[in-house]
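Report on the structure given below.
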Amino acid sequence: MKLFGIDYPLRGIVQGITGTVGSKQTKWMLEAGSNLVAGVTPGKQGRTVEGLPVYDRVGDAVEKLDANATVIFVPPPFVYGAACEAMDAGIRFIVIVTEFVPVRDALEIRERARQMDATVIGPNCPGVFVPGHGKLGIMPANIFAAGAIGVVGRSATLSYEVVGNLSAAGLGQRAAIGIGGDPVACTGFVPVLEWFERDPGTRAVALIGEIGGYAEEQAAAFIKTMTKPVVGLIAGRSAPPGKRFGHAGAIIRAGSGGPEAKVKALENAGVQVGVSPAALPGMLRNVLE
């Protein structure tokens, strides 16, 4: 299996592994079956965390252990440097969990990733979970089951609800990817949908959107070209204009980003749009049949 051109299982590292969040999440990623090979924290080389060696530089982990993916748990002011260091070391799959990354930094990371042909998921995202292979990020392992449904969403908790409902209904997942809820996402819906469309193990896709921005409308334009069925959910239908709904990017501004346009765009693309996470398993069964 290849995810965005990277062979699974990934050989992942954790940037910020010695911090409170990084060390705890490393433990849970390993328990979920993730193939982590090292951690990186400047000045902490020689330590171990959960049995993983810690290096000062990403380049050392790449050179010594052939690392090819990273998950970043460093504070917001240091995310740009951490992401650039990873790309400069040759890593082409990066998950940024950190919230409150400055918008300019996110824009520059996205442009640098485009220039270097790297995939960056996030910032402010739950990461990636592939049942049978583990995760890079913070998604809870106990809600997943292996299967053929692709899941992509902006909201972490709503994505978890959808996954939990799918698993309870016997609809396992091929992969779940949380692109993040910030105004600037380094990878939007469309590249993830492109991957699900190409992936022979994916039979259908659940897309979880929310108010704010134009990501869902862009997704709808691509979905019109897809051969695999897609069902959707748009959160925040009751949010009044000007009220931010959970995420920094989930706000209706000057008449744009409202739920009606998103639902209409998706339905015009042939997507069945549900009113709650509980509705999606039944909708998926319908489109698969």
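Residues 86 to 374 in the working numbering are what the sequence shown lists, from first letter to last. The beta carbon of each residue, even a glycine, is placed where N, CA and C say it ideally should be.
- The three-state reading of DSSP puts V186 in coil, since its state is none of H, G, I, E or B.
- Looking at the backbone, the Cα of P225 and that of T312 are separated by about 30 Å.
- Look at R195 here: in three-state DSSP terms it is helix.
- Note that the stretch 199-208 does not touch the stretch 125-134; fewer than 3 beta-carbon pairs, one per stretch, sit closer than 8 Å.
- Within the same chain, and ignoring the five residues on either side of A117 in sequence, the residues whose Cβ sits closer than 8 Å to its Cβ are F214, G219, K220 and A226.
- Looking at the DSSP output, E295 bridges to A320.
- Secondary structure of V156 (DSSP, three-state): strand.
- In the DSSP assignment, K349 falls outside any beta strand (DSSP E) and lies within the alpha helix (DSSP H) extending over P344 to N353.
- For the pair V269 and A168, the CB atoms are not nearer than the 7 Å cut-off.
- For G124, there is no enclosing alpha helix (DSSP H); the enclosing beta strand (DSSP E) has its first and last residue at L121 to V125.
- Note on P138: 16 or more other CB atoms within 10 angstroms of its CB, so buried under the neighbour-count rule.
- Taken through DSSP and simplified to helix, strand or coil, P216 comes out as coil.
- Taking all protein chains in view, the Cβ of A306 is surrounded by fewer than 16 other Cβ atoms within 10 Å, so the residue is classified as exposed.
- Counting the other Cβ atoms within 10 Å of the Cβ of K347 gives 16 or more, which makes it buried.
- Cβ neighbours of A241 within its own chain (closer than 6 Å, five residues either side excluded): P211 and G263.
- By alpha-carbon distance to G273, the top candidate from R199, P344, P162 and L369 is R199.
- Per DSSP, reduced to three states, the secondary structure at Q130 is coil, with no helix or strand assignment.
- For F158, the CB contacts under 8 Å within the same chain, skipping 5 residues up- and downstream, are V99, Q100, G101, I102, G104, V106, G107, Q110, V182 and T183 in chain order.
- Residues of the same chain with a CB within less than 8 Å of the CB of M172, apart from the 5 flanking positions on each side, are I179, R197, A198, M201 and A203 in chain order.
- In this structure, the straight-line span from the alpha carbon of G294 to that of P344 is close to 9 Å.
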